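Written out below as structure tokens is the structure these notes cover.
Protein chains: 2
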Amino acid sequence: MRTAVVIGTGLIGTSAALALSGRGVTVHLVDHDPAQAHTAAALGAGTDQAPDGPVDLAIVAVPPAHVAATLADVIGRGAARAYIDVASVKGGPMRELAALGVDLSGYIGTHPMAGKERSGPLAASADLFEGRPWVLTPTRDTDTEVLNLALELIAYCRAVPVVMEADAHDRAVALVSHTPQLVSSMVAARLGDADETAVRLCGQGIRDVTRIAASDPRMWLDILSANPGPVADVLSGIAADLDETVQALRALQSGEESRRKGGAEGIEDVLRRGNAGRGRVPGKHGAAPAVYETVAVLISDRPGELARIFADAGQAGVNIEDVRIEHATGQQAGLVQLMVEPKAVPALTAELRDRGWALRPQ
Amino acid sequence: MRTAVVIGTGLIGTSAALALSGRGVTVHLVDHDPAQAHTAAALGAGTDQAPDGPVDLAIVAVPPAHVAATLADVIGRGAARAYIDVASVKGGPMRELAALGVDLSGYIGTHPMAGKERSGPLAASADLFEGRPWVLTPTRDTDTEVLNLALELIAYCRAVPVVMEADAHDRAVALVSHTPQLVSSMVAARLGDADETAVRLCGQGIRDVTRIAASDPRMWLDILSANPGPVADVLSGIAADLDETVQALRALQSGEESRRKGGAEGIEDVLRRGNAGRGRVPGKHGAAPAVYETVAVLISDRPGELARIFADAGQAGVNIEDVRIEHATGQQAGLVQLMVEPKAVPALTAELRDRGWALRPQ
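Taken in order, these protein sequences are the chains called P and R. Going by this note's numbering, the first sequence wraps up at 362, each residue one higher than the last. Going by this note's numbering, the second sequence wraps up at 724, each residue one higher than the last.
Dropping the structure here:
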């Protein structure tokens, strides 16, 4: 790949352009707002001048609702040897393009599973996609040369290509991304009119469940609007579980022993199915969740405390896999939970104890 | 307080006993399994010998279903000047006691908002409650001396006392703890029969939403069985939102512009209510969520990398408020997100850049 055009210089488009430019590809930047394209160019993502002729790869990085029309336009103009989009849904745009009678041999729908809270070119970075799955949805009509250009882009972005059928992709993101977003919002929404005293009792559980409820409603409305069917299907499954669980809880209040027993079984069933499903969520290295042991160390909130802990752990030759800092409510002291491989626990605890740290008993 | 008895030497009972023993209180340990009480005694939580006469405070730390009977027994025997329980629900046990005709002037229901994944005396520690809310539910009948003994215990455990009415407590924990647990399980349960490829697409959002779905089903069945009404009420509210959201998503698939518009409004509404509710969740210091800025640093997975970062941050006089380590899928390199107060960002980024760290652009 020598030349590319990126249409839509938001977070994703500009990040891909930065990665390609970093590998010596000449990237032309286009946006419906020329100031955005100019900003991306100023960041080193490429040039906002139009190309002389057809480029190797056209990357369409516009919002889902505009993908099909934008692709139809660039394909119609013969702007490139290959065309991809990077939208978060894949089935609808492909069907729209087919309905418009566009020749799809030069096109692959793709979806990089990366993002961040902020949007726009200023939030972009060349390493946004590093190690993330990047879904490709080739069809029988897709030219091999086109597939290879998309794979070249993904390799330059240091992402991990995953080939899927377009509708299977849409069902998968409904399951692992779109539905969790809506459910997190619904749990958080219950707090809207809660008593202040009730809210004071929030712990780490609800904090984690509602973290993504802080996401941008406009962005999520766009995403959900492009994938309503699969999201409604997954939500309906949850709604059925929810209704059964409400029935089971009501049965627990019954005077009849057999009804109470049935209620308890229903609740235990949903909790156990939750265990099983959670067990399938991959950990940070993309494998099954790693089993780390936690070593908990008491610290004060002074600068340098964490540095000393990590330096001491390093002395023991121990790699800290993950860290969680728990501060006590209303206090400046807290607990650092160091997650390490089980075999590293004895060396780490011995080293930290030797160096005077207060450890919470295992 | 000079003497206490702890009945039920699990995680909570033994932790309270450790805190009291550490302050010089003579603690007598009782468990239906004498080996458990013996283990707690061996850990330094007190003695498993019976007291000579009435103690100052009896702490009943048995599972919710056994609280009322155990309290009725010790109150009937006049075993102490004051009696508390520490169960996760408060209204039911109080009504059971009243129905049994027990004199409640010497009793306060309490609930320390603390716990951990592991149970039993070996998981206990004197600092389990440090900085955590500890709910007290006194009534008009409660003696002031009894309230003061409970407050003394909470102070020795370095927890934060919160006074609530018993049923308000049960509604609050249904909202902030019990319902999030069930909903997390339901989202995770959807992954049970998902394709392996779909599961590969899981990101940090679903990882957070489903973290507590890994919790122990037996323990949660006990908790939920003791508070079915309030949990069913909160879940019913979520069920109504869920049904409306499914309708809104179906409306987005409609051919009618006005129906689609109504659907979009419905979805945006739930997302915005989620924003508002999430805004009320207290942060680590018990206040509204602190607004930290994130400085992201690329690291390799070698021991000592984190130590160097924290040491360098310490050099800049910057206190790291929270840390998140993101490893790239299938790779040994990752990104450390350092959360700091906004005013600390310039000093931190300058120091880290000077010392050769690769920062992700802000």
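By construction, the Cβ of each residue, glycine as well, lies at the ideal position given by its N, Cα and C atoms. Computed from a prediction, not measured in an experiment: that's the story for all the values here.
For this session: From the DSSP output, in three-state form, read off residue 364 of chain P for me.
Result: Nothing in the structure corresponds to residue 364 of chain P, since chain P is present only between 1 and 362.
Exercise. Based on the DSSP secondary-structure assignment, which residues constitute the bridge partners of residue 428 of chain R?
Worked result: Bridge partners of residue 428 of chain R: none, in fact.
Exercise. So which residues of chain R does residue 14 of chain P contact, with C-beta pairs closer than 9 Å?
Worked result: The contacting residues do not exist; residue 14 of chain P stays about 11 Å from chain R at best.
Problem set entry | residue 209 of chain P to residue 573 of chain R span [Cα, whole Å] | 8 Å
Exercise. Does the stretch 299-310 of chain P come close enough to the stretch 661-681 of chain R to have 3 or more Cβ pairs within less than 8 Å?
Worked result: yes
Exercise. Could you give the distance in angstroms between the alpha-carbon of residue 384 of chain R and the alpha-carbon of residue 488 of chain R?
Worked result: 8 Å
Exercise. Buried or exposed: where does residue 623 of chain R fall if 16 or more other Cβ atoms within 10 Å of its Cβ makes it buried?
Worked result: exposed
For this session: For residue 363 of chain P, collect the residues of the same chain with a Cβ closer than 8 Å to its Cβ; drop the 5 residues on either side in sequence, then sort them by chain order.
Result: Residue numbering for chain P in the displayed model covers 1 to 362; residue 363 of chain P lies beyond these limits and cannot be assessed.
Problem set entry | Partner residues on chain P for residue 526 of chain R, Cβ-Cβ distance less than 8 Å | 197
Exercise. Using a Cβ cut-off of 9 Å, which residues of the stretch 567-579 of chain R contact any Cβ in chain P, in chain order?
Worked result: 567, 568, 569, 570, 571, 572, 573, 574, 575, 576, 577, 578 and 579
Exercise. Whose C-beta lies closer than 6 Å to the C-beta of residue 596 of chain R among residues of the same chain, with five residues either side of it excluded?
Worked result: 536, 537 and 541
Exercise. According to the Cβ coordinates, are residue 550 of chain R and residue 275 of chain P closer than 9 Å?
Worked result: yes
Exercise. What residue does the beta strand (DSSP E) around residue 498 of chain R start on, and which one ends it?
Worked result: 495-499
Problem set entry | Cβ neighbours of residue 338 of chain R in the same chain (closer than 6 Å, five flanking residues each side left out) | Any question about residue 338 of chain R goes unanswered here, given that chain R covers just 363 to 724.
Problem set entry | Members of the stretch 526-540 of chain R near chain P, C-beta cut-off 9 Å | 526, 530, 531, 533, 534, 535, 537, 538 and 539
Exercise. Does the beta-carbon of residue 253 of chain P have 16 or more other beta-carbons within 10 angstroms, so that it is buried, or is it exposed?
Worked result: exposed
For this session: May I ask you to report which of helix, strand or coil DSSP gives residue 683 of chain R?
Result: coil
Exercise. Taking the alpha-carbon positions, what's the residue 559 of chain R to residue 685 of chain R distance?
Worked result: 30 Å
Exercise. Candidates R:452, R:625, R:620 and R:418: which alpha carbon is nearest residue 605 of chain R's?
Worked result: R:625
For this session: With DSSP collapsed to three states, give me the class of residue 627 of chain R.
Result: helix
For this session: Give me whichever residues DSSP pairs with residue 503 of chain R in a beta bridge.
Result: DSSP output for residue 503 of chain R lists no bridge partner at all.
Problem set entry | Beta-carbon neighbours of residue 603 of chain R, restricted to chain P and to distances below 8 Å | 186 and 189
Exercise. Taking only beta-carbon atoms, is residue 456 of chain R less than 9 Å away from chain P?
Worked result: no
For this session: State the Cα-Cα distance for the pair residue 283 of chain P and residue 576 of chain R, rounded to the nearest angstrom.
Result: 13 Å
Exercise. Does DSSP classify residue 380 of chain R as helix, strand or coil?
Worked result: helix
Exercise. What span of residues does the alpha helix (DSSP H) with residue 85 of chain P cover, start to end?
Worked result: Element bounds for residue 85 of chain P: not the alpha helix (DSSP H) but the beta strand (DSSP E), 80-85.
Problem set entry | Neighbour list for residue 398 of chain R in chain P, Cβ cutoff strictly below 7 Å | What residue 398 of chain R touches in chain P: nothing, since even the nearest Cβ is about 16 Å away.
For this session: List the DSSP bridge partners of residue 699 of chain R.
Result: R:658 and R:686
For this session: Please list the segments of the alpha helix (DSSP H) lying wholly inside the stretch 171-259 of chain P, counting only runs of 4 or more residues, in order along the chain.
Result: 179-189, 196-200, 204-209, 217-225 and 228-252
For this session: Enumerate in chain order the residues of its own chain whose CB-to-CB distance from residue 287 of chain P is below 6 Å, with the five nearest sequence positions on each side excluded.
Result: At residue 287 of chain P the pLDDT is 45, less than 50, meaning the model places this residue with poor confidence; the figure from the coordinates comes in the next sentence. Within the same chain, residue 287 of chain P has no close Cβ partners at all.
Exercise. For the putative contact between residue 420 of chain R and residue 458 of chain R, defined by C-beta atoms under 8 Å, what is the C-beta separation to the nearest angstrom?
Worked result: Not a contact, Cβ separation roughly 17 Å.
For this session: Could you work out which residues of chain R lie near residue 360 of chain P, taking near to mean beta carbons separated by less than 8 Å?
Result: 487 and 489
Problem set entry | Three or more C-beta pairs below 8 Å linking the stretch 146-156 of chain P and the stretch 505-518 of chain R | no
Exercise. Could you give the distance in angstroms between the alpha-carbon of residue 186 of chain P and the alpha-carbon of residue 223 of chain P?
Worked result: 17 Å
Exercise. Do you know how far the Cα of residue 509 of chain R is from the Cα of residue 422 of chain R?
Worked result: 16 Å
Exercise. Does any CB atom of chain R fall closer than 9 Å to the CB of residue 5 of chain P?
Worked result: no
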